[in-house]
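Novice:
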Amino acid sequence: MGYKHVYDSWKSDPEAFWMQAAEAIDWDRKPSRALDDSNAPLYEWFTDGMVNTCWNAVDRHVEQGRGDQVAIIYDSPVTETKREITFRELRSRVATLAGALRAKGVEKGDRVIIYMPMVPETIEAMLACARIGAVHSVVFGGFASHELAVRIDDCTPKAIIAASCGIEPGRTVKYKPLLDGAIEQATHKPDFCIVFQRDQEIAPLTEGRDLDWHDVQQGVAPADCLPVEGNHPAYILYTSGTTGQPKGVVRPTAGHLVALNWTMKNFFNVDPGDVFWAASDVGWVVGHSYICYGPLIHGNTTVVFEGKPVGTPDAGTFWRVISEHKVRSFFTAPTAFRAIKREDPKGKYREKYDLSCLRTLYLAGERGDPDTINWAKDLLGIPVIDHWWQTELGYPAVGNPMGIEPLPVKIGSPSVAMPGYDFRILDEAGQELPRGELGAIVTPLPLPPGTFSTLWNAEARFRKAYLDRFPGHYETGDAGMLDEDGYLWIMARTDDVINVAGHRLSTGGMEEVLADHPDVAECAVIGIRDELKGQLPVGFLCLTKGVNRPHDEIVKEVVAMVRDQIGPVAAFKLAVVVDRLPKTRSGKILRAVMVKIANGEDYKVPATIDDPAILDEIGDALKTIGYPA
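Encoded structure:
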């Protein structure tokens, strides 16, 4: 069955399509129907089914005779540690931790915040919560105290599970003082904290509140899996909101199981037993979906990697991990490849490793620019699959379904809609635009299973942010266009479409041109206020390692390239060379903050920023071209 057949079968009968996909999941009580539309536009899936996530991710593989298969490979170049945990070992470890949580009073529906680095124990904590029906909320390890406090007050956890520290290249990040500060600032206080002590930093425990990870598990009865309703929240994951208040995305259990399991073969084209690696962090949605849940539910071996694409120790670390652990499908962010390309533009480290095990590279998280995709394709000699989704959606919404039928690749487009989505392009009045025109990307409701159902304790905000502007549709917040073949081209966040003298232009289109310059390793384009034209584009260029030509020459060349390829209408005349771009820890460029700096507006330093000092560097660079005016 090809893509068109599968997509049409969903479109003609969504209920039957998702009920069939649900057959691959172990149910304690099978659902009688797929969609529950009784509270539209707040749709839910498989609500009358009873199911347990941990059973599907761990226990059933043991029961099916695959207990000796490796479930988790832990590879940490920063601590020089490697470990393998089988499904049988994982079941024992998770059941014991779940028993300890239950013995301390954590029950179905209670929230547990997990504040941990990239270690197997983080995955175990997530699964232990799922085992007893507790709702976990993973907060990126090392987040500032204030941001952690905001999340504590929003989801009011009964318990917090934390590690003593995280390891970054060249430094240890102490988590415990940040945790203590957050609990002090928060109005809500957890009943207790469990602290996983790492050898690199033994944290002092607060008497009467803190418990040692190993001590708390001594002598407790292992917990069995507790079946929960299909619409019971599996987790809350906070994503940054435009107001500065984090948005707690709620992921219901049953749809999450069905959808993630479906994607592992149909999209990522792996079979049970294959090694799958998503080089992300469990603090992000990619880590939830494709380090923890997706691979384990489907019976894959997942890689938990504690390191960076460069500097741990070099730009060949990804190739080492792939080669050593026989990775079949690899998923990372384009920004990781841009970092590798900047350090090793000729790809010399690649030559040291046998990568014959690797079939496909998947990129998502930040726009996949053609220059990066072509470089990766030429370097690896395998398909490079750009795809698009969001924290809210939970898994690929637009992509090339390699397990169904590899479609022709159009570099710069993440390809076509997956079952569950029927994307349209609307203008500001909500009218559908012709093919090839730039507008707001929406999809009709209901969203498919596995997507979010609401925001935690914020239904009004959920409606306002996603549903109200285009009634009957989900507003993605992204801008783009559909071409004649139905391929979606995602050009920018809606906010990043700039208006230059009445012309709506995509900053992403300009970035593609800049990235094509041989000396440019990475770039960003923003629109800044201009009295005459409304907005003007400004480019920021990070140069490839070893380039030492005069910067003004490179700027002249990229200005000429934009004029040549997009036209004088873009009014692209300003660009500056910078050492680095401000990014979140998942690699997203903080363009909106850069705009505020350029316009001389007040801004809030985002909690997710990798290094706040970069913002001062951006401000200094802008001053050299006269901004803020």
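When we follow this note's numbering, the leftmost residue of the sequence shown carries the number 912, and every step to the right adds one.
Glycine residues also receive a C-beta, built at the ideal position from the N, C-alpha and C atoms.
Output the distance between the C-alpha atoms of D1513 and A1006, rounded to the nearest integer angstrom.
Specialist: Between D1513 and A1006, the C-alpha separation is close to 49 Å.
Novice: What do you reckon, are the CB atoms on P942 and A1250 nearer than 8 Å?
Specialist: No.
Novice: What is the rounded straight-line gap between the Cα of P1357 and the Cα of T1243?
Specialist: Distance between the alpha carbons of P1357 and T1243 is about 29 Å.
Novice: When the Cβ atoms of the stretch 1339-1347 are set against those of the stretch 1358-1376, are three or more pairs found closer than 8 Å?
Specialist: Too few Cβ pairs lie closer than 8 Å, so no.
Novice: Output the residue ranges of the alpha helix (DSSP H) runs that lie fully inside the stretch 923-994 and measure 4 residues or longer, sorted by chain position.
Specialist: If we require 4 residues or more, the alpha helix (DSSP H) runs fully inside the stretch 923-994 come out as 925-933.
Novice: Over the uninterrupted alpha helix (DSSP H) stretch that includes W1400, give me the two end residues.
Specialist: Careful: W1400 lies outside any alpha helix (DSSP H), inside the beta strand (DSSP E) at L1399 to R1404.
Novice: I believe H1541 touches V1186 by the beta-carbon criterion, under 8 Å. Please report the beta-carbon distance rounded to the nearest angstrom.
Specialist: Since the first and last residues shown for the chain are 912 and 1540, residue 1541 lies out of range.
Novice: For T958, which of E1140, L1059, I1284 and M930 has the nearest alpha-carbon?
Specialist: If we check each option's Cα against that of T958, E1140 comes out closest.
Novice: Let me check understanding here. Comparing Cα to Cα, which of R940, P1312 and A1132 lies closest to L1008?
Specialist: Answer by Cα proximity: A1132.
Novice: Would you grab the beta carbon distance between A1060 and A1011 for me? Rounded to a whole angstrom, and I think it's under 8 Å.
Specialist: That belief does not hold up - the Cβ atoms of A1060 and A1011 are roughly 25 Å apart, past 8 Å.
Novice: When you compare the CB positions of L1122 and I1094, do they come within less than 8 Å of one another, or not?
Specialist: Going by C-beta atoms, L1122 is not nearer than 8 Å to I1094.
Novice: Return the chain-ordered list of same chain residues with a C-beta closer than 7 Å to the C-beta of T1271, the five sequence neighbours on each side being excluded.
Specialist: Only N1180, S1240, I1293, P1294, I1296 and M1313 meet the Cβ criterion.
Novice: Leaving out five residues before and five after H1384 in sequence, what residues of the same chain have Cβ atoms less than 7 Å from its Cβ?
Specialist: Hits under 7 Å: V1353, T1354, P1355 and L1356.
Novice: Where do the ends of the beta strand (DSSP E) carrying P1163 lie?
Specialist: Run containing P1163: K1158 to P1163, per the beta strand (DSSP E) assignment.
Novice: Can you list, in chain order, the residues of its chain whose CB lies under 7 Å from that of V1470, leaving out five sequence neighbours each side?
Specialist: So the qualifying residues of the chain are F1483, K1484 and A1486.
Novice: Could you say which of R1082, Q1342 and I1034 lies nearest to G1194 if we only look at CA atoms?
Specialist: The shortest Cα separation from G1194 among R1082, Q1342 and I1034 belongs to I1034.
Novice: Are V1161 and W1300 touching if we call contact CB-CB under 8 Å?
Specialist: In this structure, W1300 does not lie closer than 8 Å to V1161 by Cβ.
Novice: Checking 8 Å against the spacing of the C-beta atoms, do W956 and W938 come in under that value?
Specialist: Cβ atoms of W956 and W938: not closer than 8 Å.
Novice: Using C-beta distances below 8 Å, list every residue in its chain close to P1317, excluding the 5 sequence neighbours before and after it, in chain order.
Specialist: Excluding sequence neighbours, P1317 sits near P1294 and N1311.
Novice: Does the beta carbon of K1158 sit closer than 8 Å to a beta carbon anywhere in chain D?
Specialist: Protein chains in the displayed structure number just one, and chain D is not present.
Novice: Using 8 Å for Cβ pairs, my map puts I1078 next to V989. What's the rounded Cβ distance?
Specialist: Going by Cβ atoms, the distance from I1078 to V989 rounds to 4 Å, so yes, they are a contact pair.
Novice: Tell me whether Q1128 is buried or exposed, calling it buried when 16 or more other Cβ atoms sit within 10 Å of its Cβ.
Specialist: By the 10 Å Cβ count, Q1128 comes out buried.
Novice: Which residue's Cα is closest to the Cα of T1246: A1275, D1225 and D1265?
Specialist: The shortest Cα separation from T1246 among A1275, D1225 and D1265 belongs to A1275.
Novice: Grab the span of the beta strand (DSSP E) containing T1213 for me, first residue to last.
Specialist: T1212 to F1216 is the span of the beta strand (DSSP E), which, as asked, contains T1213.
Novice: To the nearest angstrom, report how far apart V1431 and L1090 are at their CA atoms.
Specialist: Computed Cα separation, rounded: 40 Å.
Novice: Taking 8 Å as the cut-off, decide whether the C-beta atoms of C1576 and E1032 are in contact.
Specialist: With the chain covering 912 to 1540 only, the question about residue 1576 has no answer from this structure.
Novice: Between which two residues does the alpha helix (DSSP H) harbouring I1251 extend?
Specialist: From DSSP, the alpha helix (DSSP H) with I1251 extends over P1245 to E1254.
Novice: For Y1260, which residues from the same chain have a beta carbon less than 7 Å from its beta carbon, with the 5 sequence-adjacent residues on both sides left out?
Specialist: Only D1225, A1226, G1227 and W1230 meet the Cβ criterion.
Novice: Could you pull the DSSP bridge partners for V1327 from this structure?
Specialist: Note: V1327 sits in a beta bridge opposite G1310.
Novice: Is the beta carbon of P1307 sitting closer than 8 Å to the one on T1455?
Specialist: No, these two residues do not count as a Cβ contact at 8 Å.
Novice: Of the choices G1537, H1143, L1290 and T1212, whose alpha-carbon is the least far from that of Y1264?
Specialist: That would be L1290, whose Cα lies nearest to the Cα of Y1264.
Novice: Rounded to the nearest angstrom, what separates H1047 and L1148 at their Cα positions?
Specialist: Roughly 8 Å separates the two Cα atoms.
Novice: Return the Cβ separation of V1436 and P1448 in integer angstroms, given the expectation that the two are a contact with Cβ distance under 8 Å.
Specialist: At roughly 5 Å, the Cβ-Cβ gap stays under 8 Å, so V1436 and P1448 are in contact.
Novice: Would you tell me roughly how many angstroms separate the C-alpha atoms of Y914 and C1066, rounded to the nearest one?
Specialist: Y914 and C1066: Cα-Cα distance of roughly 40 Å.
Novice: If you draw a straight line from the C-alpha of P1479 to the C-alpha of I1409, how long is it?
Specialist: Near 15 Å, if we compare the C-alpha coordinates of I1409 and P1479.
Novice: Please confirm whether F1334 and L1378 have their CB atoms less than 8 Å apart.
Specialist: No, the pair does not count as a contact, with Cβ atoms beyond the cut-off.
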